[in-house]
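Everything below concerns the one structure shown next.
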Amino acid sequence: SQQGEEDPQALSIQEGENATMNCSYKTSINNLQWYRQNSGRGLVHLILIRSNEREKHSGRLRVTLDTSKKSSSLLITASRAADTASYFCATAPTGGFKTIFGAGTRLFVKA
Amino acid sequence: SQTIHQWPATLVQPVGSPLSLECTVEGTSNPNLYWYRQAAGRGLQLLFYSIGIDQISSEVPQNLSASRPQDRQFILSSKKLLLSDSGFYLCAWSGGSNNEQFFGPGTRLTVL
Chain A
169 SQQGEEDPQA LSIQEGENAT MNCSYKTSIN NLQWYRQNSG RGLVHLILIR SNEREKHSGR
229 LRVTLDTSKK SSSLLITASR AADTASYFCA TAPTGGFKTI FGAGTRLFVK A
Chain B
399 SQTIHQWPAT LVQPVGSPLS LECTVEGTSN PNLYWYRQAA GRGLQLLFYS IGIDQISSEV
459 PQNLSASRPQ DRQFILSSKK LLLSDSGFYL CAWSGGSNNE QFFGPGTRLT VL
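Chains A and B are the protein sequences, given in the same order. Add 168 to a position in the first sequence, counting from 1, and you land on the number used in the numbering used here. Add 398 to a position in the second sequence, counting from 1, and you land on the number used in the numbering used here.
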């Protein structure tokens, strides 16, 4: 079964608003990552948060991790039309080489 | 800097025909390599991963196979394609212990 599950499946907001996406997972992890995918393209790594970290920032991105709830959130502040894409969380389970991806959240930012 | 190449970008093949998709990585040594398939509007399904030459693990039973003839080359093959093999195929590499992955541009495969 999927390790990472994103919520919501789709999100539509106005430019300038904040976008929040959530991810839940099931097993112990080394880290959790967020990726972005523009339509028909490969995935681009955005940010990685380790299991001993609770929050991380990168530009307009803010990621939180709650290992007790096995959940993470990605916040994009002051969204732009160019942020329109699918966003995936991915977990690196403890002791493995594989990174397991969720089904993604499709974000649409209206100009 | 590291780069990853995939080709072809798009491919249309008849049912029952063979398949060969190639992925190469430049600028790094002994990468972990991955093949994923993505159905339209869905997440990524891990097909194969390799932590070294002659070390390939298959994640799902299917009519696809993978080979790693060189350290930085990963090939996805099929002897006879099925309609259900249509999808977007992505190759990725990672290095180090954090498993941050870097993706190629993908191949859009349509089986008719």
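All residues carry an ideal CB built from backbone N, CA and C; glycine is no exception. Nothing here was measured: the structure is a model prediction, and the numbers come from that model.
message: Can you check which of these residues, A:Ile268, A:Asn186, A:Glu221, A:Ile181, is closest to Ser192 (chain A) by C-alpha distance?
response: A:Ile268
- prompt: For Gln499 (chain B), which residues from the same chain have a beta carbon less than 8 Å from its beta carbon, with the 5 sequence-adjacent residues on both sides left out?
  reply: Tyr432, Ala490, Trp491, Ser492
query: Which two residues bound the contiguous beta strand (DSSP E) that contains Ala490 (chain B)?
result: 485-492
message: Looking only at its chain, what residues have a beta carbon closer than 7 Å to the beta carbon of Arg222 (chain A), apart from the 5 residues adjacent to it on each side?
response: Thr232, Leu233
message: Within 10 Å of its beta-carbon, does Val423 (chain B) have 16 or more other beta-carbons around it, so buried, or fewer, so exposed?
response: buried
message: Considering Cα atoms alone, identify which of A:Arg230, A:Phe256, A:Ala271 is closest to Val212 (chain A).
response: A:Phe256
task: Below 9 Å between beta carbons is the criterion; list the residues of the stretch 202-222 of chain A that meet it against any residue of chain B, in chain order.
output: Tyr203, Gln205, Gly208, Arg209, Gly210, Leu211, Val212, His213, Leu216, Arg218
- prompt: Under a CB-based cut-off of 8 Å, is Asn461 (chain B) close to chain A?
  reply: no
Beta carbon proximity, Leu445 (chain B) to chain A, threshold 8 Å: no
- prompt: Does the beta carbon of Gly263 (chain A) sit closer than 8 Å to a beta carbon anywhere in chain B?
  reply: no
- prompt: For chain B, is any of its Cβ atoms less than 8 Å away from the one on Thr252 (chain A)?
  reply: no
- request: Measure the alpha-carbon distance for Val413 (chain B) versus Ser475 (chain B) and round it to whole angstroms.
  value: 14 Å
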